[in-house]
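Asker: In the working numbering, the protein residues as written are 153 to 357. For every residue, glycine included, the Cβ atom is placed at its ideal position computed from N, Cα and C. Supplied in structure tokens, the structure appears directly below.
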């Protein structure tokens, strides 16, 4: 589009010259703010009042502008709206009814005994019996006469016998629980970003 050229004819008055300059400035402002332009201001005065041209409407009230991005469906064309100031995070934790069982079982103690004192072959010492019955002659020697640990085994006769003990539980214990459902974070939670407000005006004509 060709630029307009403003010239001054002879005998023009200063008033006429001023009007020509004013018109030139107005046309320049119109080019800077074409239809569809957005103007931000802290004043609530409609721009048409002080700019002298166009129809301006308040735009974007209560919303934050975001640049158009054709690759994101939320922002893929101009003046598309969306978003929210709050989010509902309410949810629940549920524990289903269940039971814990301890099956029947036993704790055995093998036959055997320990002896501190006199044995037939070793007058002083600590020995434990590995034989199964009275009169058994097999022992493992742990210590004799304060001489420290001694390995091996020795034969000795003792008429005492001590059998192991076996205990059992039957049928075991079964416990059950029926917990309820607990709701947490009910209600809306604010996700509002820090902000500062202004007036935004859009030129529509």
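Shortest alpha-carbon distance to residue 221 belongs to which of 229, 214, 215?
Answerer: The candidate whose alpha carbon is nearest that of residue 221 is 229.
Asker: Secondary structure at residue 201, three-state DSSP: helix, strand or coil?
Answerer: Helix.
Asker: Check residue 221 in the structure and name its three-state DSSP category.
Answerer: Of the three classes helix, strand and coil, the one that applies to residue 221 here is coil, per DSSP.
Asker: Say the cut is 7 Å; is the CB of residue 170 nearer than that to a heavy atom of the ligand FMN?
Answerer: Absence of the ligand FMN is noted for the structure shown, with no ligands found whatsoever.
Asker: What does the Cβ neighbour count give for residue 206, buried or exposed, with the cut at 16 atoms within 10 Å?
Answerer: Buried is the call here.
Asker: Does DSSP put residue 344 in a helix, in a strand, or in coil?
Answerer: Reduced to three states, the DSSP call for residue 344 is coil.
Asker: I'd like the list of long-range same chain contacts for residue 198, defined as Cβ closer than 6 Å, with 5 residues on each side in sequence excluded.
Answerer: Closer than 6 Å at the Cβ level, and outside the excluded window around residue 198, lie 208.
Asker: Can you tell me whether residue 215 is buried or exposed, with buried defined as 16 or more other CB within 10 angstroms of its CB?
Answerer: With fewer than 16 other Cβ atoms within 10 Å, it is exposed.
Asker: How many Å lie between residue 179 and residue 344 at the Cα?
Answerer: So the two alpha carbons sit approximately 41 Å from each other.
Asker: Do residue 352 and residue 190 come within 8 Å of each other at the CB atom, strictly closer than that value?
Answerer: Cβ distance < 8 Å, so residue 190 and residue 352 count as in contact.
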